[in-house]
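Number of protein chains: 4
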Amino acid sequence: MNPILLTGFEPFGGSKVNPSIEACKPHKGKIFNGHRVEVVEVPLRFQEIRPTIVGALDRLKPAAVISTGQSGGEAIALERVAINLADARIPYNCGAKPVDTLIEPGGPAAYFSTLPLRAIHKALQEEGIPSKLSNSAGTFGCNHLFYELMHALDQRGWEIPAGFIHVPKLPSQAVAKPGPSMDLPLTTRALEVVLRVVGETL
Amino acid sequence: MNPILLTGFEPFGGSKVNPSIEACKPHKGKIFNGHRVEVVEVPLRFQEIRPTIVGALDRLKPAAVISTGQSGGEAIALERVAINLADARIPYNCGAKPVDTLIEPGGPAAYFSTLPLRAIHKALQEEGIPSKLSNSAGTFGCNHLFYELMHALDQRGWEIPAGFIHVPKLPSQAVAKPGPSMDLPLTTRALEVVLRVVGETL
Amino acid sequence: MNPILLTGFEPFGGSKVNPSIEACKPHKGKIFNGHRVEVVEVPLRFQEIRPTIVGALDRLKPAAVISTGQSGGEAIALERVAINLADARIPYNCGAKPVDTLIEPGGPAAYFSTLPLRAIHKALQEEGIPSKLSNSAGTFGCNHLFYELMHALDQRGWEIPAGFIHVPKLPSQAVAKPGPSMDLPLTTRALEVVLRVVGETL
Amino acid sequence: MNPILLTGFEPFGGSKVNPSIEACKPHKGKIFNGHRVEVVEVPLRFQEIRPTIVGALDRLKPAAVISTGQSGGEAIALERVAINLADARIPYNCGAKPVDTLIEPGGPAAYFSTLPLRAIHKALQEEGIPSKLSNSAGTFGCNHLFYELMHALDQRGWEIPAGFIHVPKLPSQAVAKPGPSMDLPLTTRALEVVLRVVGETL
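Taken in sequence, the protein lines are chains C, D, X and A. Reading the first sequence from the start, the letters are residues 534 to 735 in the working numbering. Reading the second sequence from the start, the letters are residues 534 to 735 in the working numbering. Reading the third sequence from the start, the letters are residues 534 to 735 in the working numbering. Reading the fourth sequence from the start, the letters are residues 534 to 735 in the working numbering.
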């Protein structure tokens, strides 16, 4: 059967680690409802986000896509909407720092997530993991990837569950720059719950 | 010349006052770059938001539309995007409490503001008034009005400056429910700056 | 009759203005319950805080002392307690940056405010001005002045109403560095309420 | 050798669990620098806090005391100062809800922690655990215990390292009431670091 594509980002902003990709790695190769998990690390480079996600889609023909990235929040944030806007407060890893830039000129203003967000939210809460529905994935790399993902699926006419989830910083990252955090084992378990719920819909 | 339509909301959520409409009223009848300001109060009732804004558009044929509402934030929030989603944490004044509801079935996921947000932001800051660009107007009445406004303009093919601006609570509201606030004279002055900048583009 | 001493701080941290002294100035010379208001500006310099407040006390023999300073908060903060600790995150205006330093070696760990904080809180709220009781005035210049004030009164055996009140930043300061703010007219009015309530107890 | 006394609180405010006592339990009986850890659970009942801590001190004659409690914060908070004030926003478990009440009439306004807070802070950060120095332990049960602890030591003339540390809520608690959290294994590890640093000073 077609795999579930799970993506995380490479480190950025001076960190040597990114919890999003670290929490993905342990799930590589696991089977959920018959679908094997494939993990792809996405570079936080302006010109590489699109080819990375498009390449993964065309190569893997996934049954579902769960993309993840790091936020400054305190809970697993289930992103509802990707907007066609790149506006960076800090540079991408390539040095690019777009201002009020369309991600896809000619593309629509936004796409909604097609993941079962309410069911994921309920399952996470039942597991004792803080989560929330979020109305903005920002205007940096995470929203960028989310938009490119949904745009590529739209262009291909693939109606599969797909979307983006923000995970909190690691405690070690909150030492260097104070803010809320979530320890890696809990974030990893959160993604397991997400994979299980998404798998059940396939 | 066609007027500038300026809207604010009626009170909600237990408050007897809403700074958005109060900060609009003093501008009624003022002229900016030849365009007279018309003020309309929007009811926070699920079935009345659309007819109120659509009715005002068709009656006034405005040259620009600036809609405002009350937020819990600390700055004037220049909203970038309206999304096709109503999801209420507290009821509208009519008692409706929509969950994950499309505002316009068949409508696009989102519309971008067509107000000159960067120029407004710069002008507000030069006046010493805290402001910010915001990526989410929420999923309650404010986003609802913002979406209906942009959808109606899109359907009519009217390419005019239009969008939504959130203003902070009044200090007296922050007494009852702690949070940041902005005093009415300052909020009123902020809307004057917005009117001036928008007027200059007409 | 003996005056009410009202103090505010000079600007610091890169600002050219400090709302605490600006909100004091308009009250200079006013009479509350027969007591004239004297305003003193306190330098944010490590070696000058003590002589400034001690000098003002000995010169004016005040019937009450209300010291004020600027905070990062959203409400008028009625400080309950001054602690014998200077620990600066940014330098004082003189360049001093004390770490875990006793303000008065041999002094007690802390002094409580002797202002009628509950009555002030109630009166501010009735005027529609956000206020709160606060359990920490920090460990920078504001707490420093508060401690020196209470210590000097204790050493003189003067049992008069005295304490410290934090006021929010000005909106113009929140432009440069985002955060909550309160416009000067409202902060000035807040201090009028404080003066009235304190005056009534004399 | 005399033990290290480690205390945590019973659950309160509707929770069925309190991370402070849960993070203490695994350390019971461990030896740090020759000192055995004794764990005591403190009831969040107004009349029982004092006899519980005083009883434990007199029974165990500890070489050091580390008291812990649950906060709403995002980091391990190393409390600097206990103040002589009980002012409860929610009731204690016994139903008491003191307002502006002296914990010990005749006692000083405050006591400073005698734990090596800077060394603990440094060690926690080196372990990748978010921590901070805090200037207020609030005015509820945690500050209450902290004050009674320091007051009892002062009255006995025991000059030992003693103080209070706040730990964040558990993730499961943050599901019911949103806010930052720290998973129990990390909080437990944080207390191990604290025990190690304190043990080294004995």
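Every residue, glycine too, gets a C-beta built ideally from N, C-alpha and C. Note that the coordinates shown come from a computational prediction; the quantities given were computed from them, not determined experimentally.
Residue state for X/T720 is assigned as helix, using DSSP reduced to three classes.
Sorting C/L650, C/N668, C/T720 by C-alpha distance to the C-alpha of D/E612 places C/N668 at the top.
DSSP assignment within the stretch 575-634 of chain D yields the following whole alpha helix (DSSP H) runs of 4 residues or more, N-terminal first: 582-593. Between the stretch 654-667 of chain C and the stretch 596-615 of chain C there are three or more inter-stretch CB-CB distances shorter than 8 angstroms, so the stretches are counted as touching. In the DSSP assignment, X/K702 forms a beta bridge with X/S714. Listed as beta-bridge partners of C/T540 by DSSP are C/V573, C/S600. In terms of beta-carbon proximity, C/S705 stays away from the interface with chain D, with every pair separated by 7 angstroms or more. Across the set C/T540, C/I599, C/V632, the C-alpha of C/I599 shows the shortest separation from the C-alpha of C/S646. Contact check for C/H684 against C/G640 passes: the beta carbons are separated by less than 7 angstroms. A/T585 is positioned such that its CB atom lies no closer than 7 angstroms to that of A/G541.
Residues of the stretch 643-654 of chain X with a Cβ closer than 8 angstroms to any Cβ of chain A, in chain order: A643, Y644, F645, R651. Within 10 angstroms of the beta-carbon of C/C627 lie fewer than 16 other beta-carbons, which makes it exposed.
Around C/L686, no beta-carbon contact reaches into chain D at under 8 angstroms, the shortest distance being about 13 angstroms. For D/I653, the three-state secondary structure derived from DSSP is helix. Taking every protein chain shown into account, the CB of D/Q580 has fewer than 16 other CB atoms within 10 angstroms, so this residue is exposed. Collapsing the DSSP output to three states places A/F645 in a strand. Annotation: the continuous alpha helix (DSSP H) that includes C/S553 extends over 552-557. The secondary-structure analysis by DSSP pairs A/H684 with nothing; it has no beta-bridge partner. At a cut-off of 7 angstroms between C-beta atoms, X/V614 counts as an interface residue with respect to chain A. Per DSSP, the beta bridge partners of D/H568 are D/F565.
Within chain X, the residues whose beta carbon sits less than 8 angstroms from that of D/E607 are E607, A707, P711, G712, P713, S714, listed in sequence order. Its Cα nearest to that of X/L593, the residue X/H568 stands out among X/P559, X/H568, X/P552, X/I582. Taking a contact to require three or more Cβ pairs closer than 8 angstroms, the stretch 678-697 of chain A and the stretch 674-688 of chain X do not qualify as touching. Scanning its chain for C-beta atoms nearer than 6 angstroms, with the 5 sequence neighbours on each side dropped, one finds around A/P631 the residues A619, A621, in chain order.
Here the C-alpha atom of X/K563 lies approximately 10 angstroms from the C-alpha atom of X/I537. Around the C-beta of X/I623, fewer than 16 other C-beta atoms lie within 10 Å, and the residue is accordingly described as exposed. In this structure, DSSP gives D/F679 a helical state, which the three-state scheme calls helix.
Under the three-state reduction of DSSP, C/L728 is assigned to helix. Chain D places a beta carbon closer than 7 angstroms to that of C/P641, counting this residue as a contact. Here the alpha carbons of C/P704 and X/E692 stand approximately 48 angstroms from one another. In this structure D/F565 is not in contact with D/R722, their Cβ atoms being roughly 14 angstroms apart against a cut-off of 8 angstroms. Spatial neighbours of C/E543 in its own chain (CB-CB distance under 8 angstroms, excluding positions within 5 residues in sequence) are listed in chain order as N551, I554, E574, V575, P576, L577, N626. For the stretch 586-602 of chain X, the beta-carbon criterion of a distance under 8 angstroms to any beta-carbon of chain D is satisfied by none of its residues. Taking each of C/A670, C/R651, C/F673, C/I616 in turn and checking the Cα distance to D/A642, the smallest one comes out for C/I616. Residue C/G712 holds the alpha-carbon nearest to the alpha-carbon of C/K702 among C/A695, C/F673, C/R651, C/G712.
Against X/L618, the close residues of chain A are R613, V614, F645, N668, in the order they occur along the chain (beta-carbon pairs closer than 9 angstroms).
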